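Structure, as structure tokens:
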Amino acid sequence: MTAGPDRPEIHLLERELQLELEAAQPRIPRLQLRRPVAFLLLVVGILVLWEGVKLLGGTPWKAVGAGPGTPVIWNPPFRWAFANDLNLPHVWNIAYAMGQPFQRGADQTLLQYLVGAAFYTWREAALGFVLGSLLGLALATIFVHSRLAERAFVPYVIASQTVPIIALAPLIVFALGQGVLAVVVIATYLTFFPVTIAMLRGLRSFDPRALELLRSYGASRAGVFTKLRLPASMPYLFTALKIAATASIVGAIIGEDTGAIQAGLGRVITTFNQYYATGPEKLWAAIFVAAILGVTFFLLVRIAEIITLRNRPSIDA
Amino acid sequence: MSAAAGVAGRPAAEPSGPGGAGRAARAVRDYAPAVLVAVGGLLVWEAVIRLANLNAFILPAPSAIIGALIANWNGERFPLWQSALNTIIEAVGGFLIGTTAGVVVAFLAARWGGMRAMLLPLAIAANAIPIIAFAPLFNTWFGLLNPLSKMMMAAVLSFFPVMANVTRGLSGVDPSQIELMRSYAATQSTILRKVRIPNALPYFFTALKLASTLSLIGAIVAEYFGGQGSVLGRMIVQSASALKFDITWAAVSLAAIAGIVFYLVIALIERIAIPWHASSRSEG
Amino acid sequence: MAGSADTVPIVRIAGVDKVFAGREGGRTTALSAIDLDIRPGEFVSLIGPSGCGKSTLLRVIGDLVQPTKGAVSVNGKTAEQARRDRDYGMVFQAPVLFDWRSVEDNVKLPLEILGKDKAWRAKRAKEMLELVELGDFTKHMPYQLSGGMQQRVAIARALSFEPRILLMDEPFGALDEMTRERMNDEVLRIWQQTGTTVVFVTHSIPEAVYLSSRVVVMSARPGRITRVVDIDLPRPRSEGSRETPRYFELITEVREALRAGGGDVDDAGTPSAARTMAEGAVG
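Protein chains in written order, with numbering that gives the first Met the number 0: chain A, 0 to 316; chain B, 0 to 283; chain C, 0 to 282.
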């Protein structure tokens, strides 16, 4: 094969043709390992970059968890402010801090404490997620069945996408009092917007010929809904639920941060932020746990999606 | 071909009755319910609070909110206009930084497939991670009182949808279009200019609309985590904790208006920049 | 091959194999031992069941796919050189028009790439659109045209830079029967006016017989040429040609050749068609 400036495209075209040839043959589903491996590589890449930066331009390296006066292991050639131990602590020091008590004299380690806080936040988020999804589903169902309701309310649901609705969070906290209720309400309304909008499309995404077929059987509205509209909307629902999973956690964290309750990750992040100068590792650890919580919730929804949609032709991007 | 003239595509106008009258009637039918809900909702809201003589604590009457907005426009304790301006500067600044970075990375990713393979999981992860949890760190890095710390939060939130969408637009070209260009022996740079970039423009504008809202959210949420006082986020938190909810609502309204205007400006630019897309969409 | 001795062929395909390396080490033989000569000004159709490699063969001629073995020469050059010399005009099953360009600008696209000056581009686009009888639609956007009209734009575009060879990959596969027959007459008229060599991939036996000077019958697994049928229907052909006994005899001959090759023909909606259309709808 000759080399030319436009050669790389050939592989793409050949694959297209080849897929065409293979299309007739049945395909055995295989466990997809590429995604997780790529993700793992990404995490490793970030950690390498992180420590690489500190290797070049941070504060002198010392042993893990070492106090002042301990010998210097490595002295980086540059002194970049953003890479010093305050702004960018060592990965291993964050890991070490996870195993230490979360505050002086506490009997819980930081990790135990953070996992507890994450569960607390997740419970609020999940409750809001469920309520918001049900609310969104109910509203979308009404809107696709009533033109009048759709014309009256849908413009506002759509317009809400352009408005930073999270600005309402502090208001809700002070309105509903400091408690779990306010946090759940915030998580709920951050969930119901994407679900409503996606289901407005999803509940209409069926094949119109299938509707004619069901009509020819004399199916009722309810029958059309359960046999056609709802199954056809599932891919849209899960797309929205994945967005909502993260949004509900964002809502819970913001709700906690703006002063609703004295527990949960949002509160922990605010507290550790105040004591950042004495323990930057703690805030980093809390943020990591928040990230992991987000990814875990997202993956739970993704697994539900895979199970629900397992028999559908995949349009995996 | 005479038959061809007959099938001159889908006609632009729908089969409407007597011209303008039919269109007006349809406009009334389409928009009246929404307008009625808005006007009716505001009136009922105002009426209930006045008639029931409620101590409109949490939910002040619309007139009270407008009153608070005017009274505090250049207020001593709650300077709403200055705050809105500061927040908009943070959001727009972050939006510009984030979208520029997103476009640059997307072009690099479209050029090097390996980079795309690395970015995809990053984009997915970014969707799953509550990025706003990083706001306190940004405050430490860029300075609590420096608007840059809020800008960077807005930039990070804007970055991911732009990066993901533009990458998709640049690489998700119909293979036949590439084949066609190859049959003309077109160079990669010609394919980029004539096929990939035009193909990516609708994706780009979709991302810009997302980013406009996200950048405002990023700025306001970062403000919740502390910083200079005269910004909408602080106005909202402080007025709510001072139980001056009319001011809170006024600040929230300003944030909402900023969001809508930002979005509309981008939608307008989209209409001008890619007219083929908007018109083919409205027809479909 | 019958009657290929008297003139120098414009396309010479000698001993071409194409093997696609599949996933998990599997290999698919798309083309096996293909020999074919095409004379200048000929109208050659490639016909065969899905997966017989007729589209792959078309792309091997057009240097969009590299053969695993064997050689293709065009006008005495390699296929790659021919592509760089802009000897090929391609027309696909989908019109592959660019949404963001008007009808006229779509036709001008190859001329821009060839670096022709502006005045010439405009003149040429106008001529070509008049040739396909779309002179009144120059400023329209693609989405405003019907499927048949879009495909005519694609043909005008393919002819705009006067390529030596027109490669058409099931160009009318997505059209209804009436439009398809009208388009067939259109293509014949253009072919006679321009004198271009045409290689035409199709699923339809009547279409292949009506249009071609020769029909190349292929069979699948592995893709190979099983017969070449000379079409001796007199030119110019028109509606009347479709009713002559000879036309039906030739159709029968091609059908039997296909059956002998063990293929099922006329299964419209190949996977590629479905995919291209789905993508078009999304974009």
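Cβ atoms here follow ideal geometry from the backbone N, Cα and C, with glycine treated the same way.
Model, not experiment: these values are computed from the prediction.
#1: Within 10 angstroms of the Cβ of Glu280 of chain A, are there 16 or more other Cβ atoms? Answer buried if so, exposed if not.
#2: With 8 Å as the threshold, decide whether the Cβ of Leu20 of chain A is near any Cβ in chain B.
#3: At the level of alpha carbons, what is the spacing between Pro174 of chain B and Ala153 of chain C?
#4: Would Ile171 of chain A and Ala181 of chain A be called neighbours here (beta carbons separated by less than 8 Å)?
#5: If we count the other Cβ atoms within 10 Å of its Cβ and call it buried at 16 or more, is Lys53 of chain C buried or exposed?
#6: Using a C-beta cutoff of 8 Å, does Trp80 of chain B count as contacting chain C?
#7: Does the separation of the CB atoms of Leu30 of chain C and Val7 of chain C fall below 8 Å?
#8: Could you compute how far the alpha carbon of Ile273 of chain B sits from the alpha carbon of Gln149 of chain C?
#9: Would you decide whether Asn85 of chain B is buried or exposed? Buried here means 16 or more other CB atoms lie within 10 Å of its CB.
#10: List, in order along the chain, the chain A residues whose C-beta lies closer than 8 Å to that of Ile235 of chain B?
#11: Rank A:Asn83, A:Trp121 and A:Leu189 by C-alpha distance to the C-alpha of Gly56 of chain A and give the top, closest one.
#12: Closest by CA to Val147 of chain A, which one among B:Asp29, B:Ala127 and B:Ala46?
#13: Could you check the C-alpha separation between Pro4 of chain A and Arg85 of chain C for me, to the nearest Å?
#14: Would Trp60 of chain A pass as a contact of Ile45 of chain A if the rule is Cβ separation under 8 Å?
#15: When we look at the beta-carbon of Pro35 of chain A and count the other beta-carbons within 10 Å, is it buried (16 or more) or exposed?
#16: Mind pulling the chain B residues with CB within less than 9 Å of Val129 of chain A?
#17: Run through DSSP, which three-state label would Ser328 of chain C get?
#18: Checking the sheet assignment: what are the DSSP bridge partners for Leu165 of chain C?
#19: Taking the alpha carbon of Met117 of chain B as the point to measure from, which residue in A:Thr277, A:Phe38, A:Thr295 and A:Arg266 has its own alpha carbon closest?
#20: Is it right to say Asn183 of chain C is buried, meaning 16 or more other beta carbons lie within 10 angstroms of its own, or is it exposed?
#21: For Leu202 of chain A, which of helix, strand or coil comes out of DSSP?
#22: Around the C-beta of Arg29 of chain A, are 16 or more other C-beta atoms found within 10 angstroms, so that it is buried, or is it exposed?
#23: Of the choices B:Leu242, B:Val91, B:Glu75 and B:Phe77, whose alpha-carbon is the least far from that of Ser157 of chain B?
#24: Helix, strand or coil, according to DSSP, for Gly57 of chain A in the structure here?
#25: What are the boundary residues of the alpha helix (DSSP H) that includes Asp245 of chain B?
#26: Report the CB separation of Leu134 of chain A from Thr187 of chain A in whole angstroms; it is logged as a contact under 8 Å.
#27: Taking the alpha-carbon positions, what's the Phe160 of chain C to Ile33 of chain C distance?
#28: Taking 8 Å as the CB-CB limit, is Ala303 of chain A close to chain B?
#29: Excluding the 5 residues flanking Tyr87 of chain C on each side, which residues of the same chain have their C-beta closer than 6 Å to its C-beta?
#30: Between which residues of its own chain and Ser170 of chain B is the CB-CB distance below 6 Å, once the five residues before and five after are set aside?
#31: Compare the beta carbon distance of Lys193 of chain B and Leu108 of chain C with 8 Å and say whether it is the shorter of the two.
#32: Roughly how many whole angstroms lie between the Cα atoms of Gly217 of chain A and Ala244 of chain A?
#33: If the cut-off is 8 Å on Cβ atoms, which residues from the stretch 186 to 208 of chain B count as contacting chain F, listed in chain order?
#34: According to the Cβ coordinates, are Phe94 of chain B and Ala122 of chain B closer than 8 Å?
#35: Evaluate the contact criterion for the stretch 108 to 117 of chain C versus the stretch 183 to 193 of chain B: three or more CB pairs, one atom per stretch, below 8 Å.
#36: Given a cut-off of 8 Å on the beta-carbon distance, is the pair Ser232 of chain A and Gly201 of chain A in contact?
So, from the listed chains and residues:
#1: buried
#2: Confidence in Leu20 of chain A is poor, its pLDDT being 47 and thus under 50, which makes the residue's placement unreliable; the coordinate value appears in the next sentence. No, no contact with chain B.
#3: 16 Å
#4: yes
#5: buried
#6: no
#7: no
#8: 21 Å
#9: buried
#10: Ala166, Pro169 and Leu170
#11: A:Asn83
#12: The amino acid at residue 147 of chain A is misidentified as Val; the sequence shows Leu. Cα-wise, what sits closest to Leu147 of chain A is B:Asp29.
#13: With a pLDDT of only 36 at Pro4 of chain A, under 50, the local geometry of the prediction cannot be trusted, and the value read off the model is given with reservation. Roughly 16 Å between the two C-alpha positions.
#14: no
#15: exposed
#16: Near Val129 of chain A there are no residues of chain B at all, since even the closest Cβ is about 18 Å away, more than 9 Å.
#17: Since the first and last residues shown for chain C are 0 and 282, residue 328 of chain C lies out of range.
#18: C:Gly88 and C:Val197
#19: A:Phe38
#20: buried
#21: coil
#22: Because Arg29 of chain A sits at a pLDDT of 47, beneath the cut-off of 50, its placement in the model cannot be relied upon, and the following sentence gives the value as read from the coordinates. Classification for Arg29 of chain A: exposed.
#23: B:Val91
#24: coil
#25: Phe244 to Ala272
#26: 7 Å
#27: 29 Å
#28: no
#29: Gly61, Pro162, Ile164 and Leu166
#30: Ala109
#31: yes
#32: 38 Å
#33: Reference to chain F is not applicable here, since the protein chains of this structure are A, B and C.
#34: no
#35: yes
#36: yes
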